[in-house]
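Down below is the structure, laid out as structure tokens.
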Amino acid sequence: MAYQHLFGPVPSRRLGVSLGVDLVPYKVCSQNCIYCEVGKTTNLTIKRREYVNIHSVIEELEHFLSGNPELDFITFSGAGEPTLNSGLGKLIKYLKKYFPQFKIALITNSNLLTEAKLQDEIQDIDVLLPSLDAASDEVFQILNRPCRELNIKQIIDGIITTRKKLKGKMWLEIFLSPGINDTPEELEKLQEACQRINPHLIQLNTLDRPGVIPELQALPVDRMEQIRNYFLPLPVEVISKAVIRKQQKSYNLDIASSIIETIKRRPSTDKDLCQILGLHINELNKYLSSLLAENLISKRDGTRGTYFEVNQ
Ligand code: SF4
1307 MAYQHLFGPV
1317 PSRRLGVSLG
1327 VDLVPYKVCS
1337 QNCIYCEVGK
1347 TTNLTIKRRE
1357 YVNIHSVIEE
1367 LEHFLSGNPE
1377 LDFITFSGAG
1387 EPTLNSGLGK
1397 LIKYLKKYFP
1407 QFKIALITNS
1417 NLLTEAKLQD
1427 EIQDIDVLLP
1437 SLDAASDEVF
1447 QILNRPCREL
1457 NIKQIIDGII
1467 TTRKKLKGKM
1477 WLEIFLSPGI
1487 NDTPEELEKL
1497 QEACQRINPH
1507 LIQLNTLDRP
1517 GVIPELQALP
1527 VDRMEQIRNY
1537 FLPLPVEVIS
1547 KAVIRKQQKS
1557 YNLDIASSII
1567 ETIKRRPSTD
1577 KDLCQILGLH
1587 INELNKYLSS
1597 LLAENLISKR
1607 DGTRGTYFEV
1617 NQ
């Protein structure tokens, strides 16, 4: 069966062996973050609807999971914001009923957690990974470039209510960008928000791969460690370090060598590689960051975006 909505399993830094489930087409999202690894948002919306037919997702999952694969998580993520799919609740119910042996994770930008209906739909998720990059509207606008209806205070309140309803764990991700949300004022506000949210874990992240804006920089590791102190004694970890994923169970050496072979012949952008190798953008990104960390490949800006090439 050729899967349209499933990708991987991918070697995920935070979730181990993770089967990706994509619930929106490229690229439907309620934000257009400057650091997005997927690409520019082409449909900026907060409207929930069945962007991808849930029955076809269920069919694919049924086929894949009946082989009893070794997975740490089934993860709703993908090429946009998964909570925008109005069939999400139905999908979670289905998995919990027919495949309770698999754990479910949801990666979300948190925008729609203000909605009571969504809070209820996702309360059985095993691990919820919401993002919160800003605690002031000013920084929210610069970094996340959201739909104009969205307001960061309401979103923080939505995350707080979701946390209270959630039966599983909440790992809150903060993406740090130098000069934008790493000022003492913004960090203070983020810390206050985290105290109110009370997540099981805060994960600090920074740029792993080039985003939409080429000049965007990653925060150095020592600065990330300093910032970590702002959040103590809350449970907080730095996940920014690029990892070499080779040791991870689901790291597929064939995929890694196909990427290298392809760009050896001709430097390529991420879009080229997805097309040539038939990979999902999220899956490709995991391999690119690992190959960059191993210094096997490098990147440079070109006419059609960022190109990847093999190091000699
Ligand atoms: S919320 Fe996620 S998918 Fe949407 S623009 Fe931001 S990083 Fe990209």
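Under our numbering, residues 1307 to 1618 are what the sequence shown spells out, in order. Where a beta carbon is used, it is the ideal one built from N, C-alpha and C, also for glycine. A quick note: this is a predicted structure, and the numbers were derived from the prediction, not measured.
Apart from the 5 residues on each side of it in sequence, residue 1558 has no Cβ closer than 6 angstroms to any other Cβ in its chain. For residue 1382 against residue 1388, the beta-carbon gap comes to about 4 angstroms, under 8 angstroms, which counts as contact.
The continuous stretches of beta strand (DSSP E) do not include residue 1474, and DSSP gives it neither H nor E. If the five residues before and after residue 1418 are omitted, its C-beta is found closer than 6 angstroms to the C-beta atoms of 1389, 1424, all from its own chain and listed in chain order. Summarising the contact set, residues whose Cβ lies nearer than 6 angstroms to any heavy atom of the ligand SF4 are, in chain order, 1335, 1337, 1338, 1339, 1342, 1344, 1347, 1386, 1387, 1415.
Between the alpha carbons of residue 1573 and residue 1540 lies a distance of about 44 angstroms. Under DSSP, residue 1405 takes part in no beta bridge, so it has no partner. Taking a cut-off of 8 angstroms for Cβ pairs, the segment 1465-1472 and the segment 1391-1400 do not touch, as fewer than three such pairs fall below it.
If you keep only unbroken alpha helix (DSSP H) runs of at least 4 residues inside the segment 1398-1458, you get 1422-1427, 1443-1450.
Partner residues in the beta bridge of residue 1509, as assigned by DSSP, are 1479, 1543. Around the beta carbon of residue 1427, a 10 Å sphere encloses 16 or more other beta carbons of the protein chains shown; the residue is thus reported as buried.
Note that the C-beta distance between residue 1364 and residue 1309 is not below 8 angstroms.
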